[in-house]
Structures are given as structure tokens and as C-alpha cells.
Amino acid sequence: MAKGVKILERKFCDIEKQLSAFIAFVDTFVEDDKEVLSFKLSQFDRLNAKYESVKEEIFTSLSDLEFNNFDGKITICNEHIEKLEFNGDIETWFIFKEQFKEIIENCGLNDKQKLQYLQSCLIGIAKHVQTVDDTYDSLFLALEQRFENKRLIINKHINALLMLKYEKFRGDSNVELRNFVDTCTKHLRALKLLNIEHNTFSELLLIQLVMQVLDTETKRLFEMTLESTDIPKWDDFLAFLNKRCLFLENLPSAGTKGKQNFKDSPRHKSFILHTDANVDKKCKLCSLNHDLYNCDKFKNMPVRERYNIVKSLNLCLKCLKPNHKVS
């Protein structure tokens, strides 16, 4: 592409030189040179037609798509953008379609350029979709007919969300928790693109679904953020999970040596056994057989009142159990 443009530019310069020579001839023209003038005029007509033709070829060549094999980018309308890809995965079709349409609308491409760009984005089974004719509209319509099964896509995303309850991960792993949160967000965003908005009922179901997977510590911390009997919202729950991820990411990794010394120390072992053996299983608030953090009466209290109860009972602010404290 670049070599062809260079050749056209050289032709263009040669024609400009000849046109400049003709202008110089006109400036010095005398009436005795009428035959020469007639010949020059016929040359000018041919040069002018050639000039316009080469100029059009240059503009057409410069406006065509040019691919950069080094950085995986594509140049459209003199703007460098990342090349999109669609491999035929039905779950990603609407996201690809939205991004592709946005690029096309902002670049003012003609149909030929749109076709070239769309073809460059297709990989895998999507690359082999057959069309009625070799046009942009025909190819895009064929892709919509092949991959735009809205009901099937919605079912896939909902099933993926339902399967989250079988996820297993360590509650103290920021990587695993982050991946879990990102997966939830991805499927919810895809459903939103399909105009499936979540309401209060669906948000509560989703929160309960995710809570089944979370570790006890994370669930306890979330419960502590709730005010009295307020109904939690998904956005607030998601913000809490992101904050939890950030907290875990910022925790320094404990040294292996320190962990080993703790495990091997008889003094620590005897302390742990003694503590576990003497923990009162009855709730300190209502005297029923459950831990304080599972007590409905406690959970329904305002945060400040909960804090005062924990302090008055001399319980640990972190695990809500006796015999030790966290300041």
C-alpha cells in the first residue's frame, strides 16, 4: 500500500512540473506563436485530466485500511485503534457489535472500507460465515442471523450466574475473589446490553447467591456494613466486594518462616486448644445456641449499638468472640 502511494506521488509531482512549465509558457506567450499555443492547449487538457485522475487515486489509496503487522493496530481515517476480534462466541456477540458500531460511526468509512475492517475482525468460526454477496451490509446481516440469538444468549448469561454458587475459592485470596467479582460483573454487563435490567427482587436473589459462596469472614464483614433491617442493594454489595479485594491486595504476605514457627510452637498450640475448649457456644446477647454474629437480634441493631454491645461484653471486635481482643 505504502509503495503504491509513493509511485502515485512521483507521478503527481511530474504532472505538476509540466503544468508549471505550461503556466510559464502562457506568461511569455506572444501572438506569433499561435500554432505552438494550440499544441500546448491540447497537452494541457490531457495533463489536467491525468492530474485529476492521479489525485483521486492518491486520495483513495490513503483512505483505504492499512494494517500494522508490528503492533496489532489498524489505521482508519488516520487514527490508530486496537483491532477488534470476534471468534464466533455467541456470549460476546453483543459486546463486539456495540464496540464495532461505535468505531464505524466515528470514522465515516465507505462501504468498501467497512467490509475490509469487519473482515479483519473475524476469526475462528466467525471468519467462515457465508454471505449472499460481497458487501458490508450482507456480511453484517449474516453475522446477526448466525449469532444474534437473544434468548439463547440471555439464558447462557443467567446460567453462568447461577453456576457461581458452585465456585470454590479461599476467602483470603484477593486474586480468586477479584476473578469472582469480575465474572459477576461481566455477565451482568452483558445482560444490560440486552436491555435486561435488574430490579430489587433480582438483586436480592443475586446477593444471596453470591453470599453462599463467600467465606464466613467476608459475610460477617458485609453484615456489619448494613444498617438495621435495610434491604441491601447490589451496587452497595459490589462496592463492598471491590473494597474487600483492595484490602486483601494491600495486605503484606506473611513470611513462611514465621508461619512455621507459629505452628511448631507448643506454647501457641496449648493456647489455641485451651481457648477452643472454653469458648461458650451460647450467644452473649440472647443466650440461644449460636454465635453472636449469627444472632438476628444483634444484626438488626444499628452499627453504633452493635459496637457498644461488643465493647460491653469484652468481645473481640474482629471475630465477636471472648478471651481475646483486637484493638
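Heads up, the sequence shown is in the numbering used here, so the first residue is 479 and it goes up one at a time.
Built from N, CA and C at the ideal position, the CB exists for glycine as well.
Given the structure is predicted, the values throughout are model-derived calculations rather than measurements.
Item                                                                                                                                                         : Value
So, are the CB atoms of Arg698 and Tyr785 less than 7 Å apart?                                                                                               : no
CB-CB under 6 Å to Ala668, same chain, minus the five flanking residues each way: which ones, in chain order?                                                : His635
What first and last residue would you give for the alpha helix (DSSP H) that runs through Glu598?                                                            : For the record, residue 598 in the displayed sequence is Ser; it is not Glu. Element bounds for Ser598: 589-599.
Glu705: which of Glu783, Lys721, Thr663, Leu617 sits nearest, CA to CA?                                                                                      : Glu783
Could you check which residue in Ala527, Glu569, Met702 has the C-alpha nearest to that of Leu630?                                                           : Glu569
Note down the Cα distance separating Asp754 from Leu791, rounded to an integer number of angstroms.                                                          : Any reading at Asp754 must be qualified, since the residue scores a pLDDT of 44, below 50, and its modelled position is unreliable; the value itself is stated next. So the alpha carbons of these two residues sit roughly 18 Å apart.
Buried or exposed, going by whether 16 or more other CB atoms sit within 10 Å of the CB of Arg524?                                                           : exposed
If the criterion is Cβ atoms closer than 7 Å, does the pair Leu621 and Thr609 meet it?                                                                       : no
Straight-line CA distance for His598 to Asp589?                                                                                                              : A small correction: the amino acid at residue 598 is Ser; His does not occupy that position in the sequence shown. Their backbone Cα atoms lie some 14 Å apart in a straight line.
Note down, in chain order, each residue of its chain lying with its Cβ closer than 6 Å to the Cβ of Leu719, except the 5 sequence neighbours on either side. : Val659
In the DSSP assignment, what are the bridge partners of Phe564?                                                                                              : Leu600
Does the Cβ of Phe725 have 16 or more other Cβ atoms within 10 Å, making it buried, or fewer, making it exposed?                                             : exposed
So what does DSSP say about Lys711, is it helix, strand or coil?                                                                                             : coil
Is Ile632 near Leu672, with beta carbons less than 7 Å apart?                                                                                                : yes
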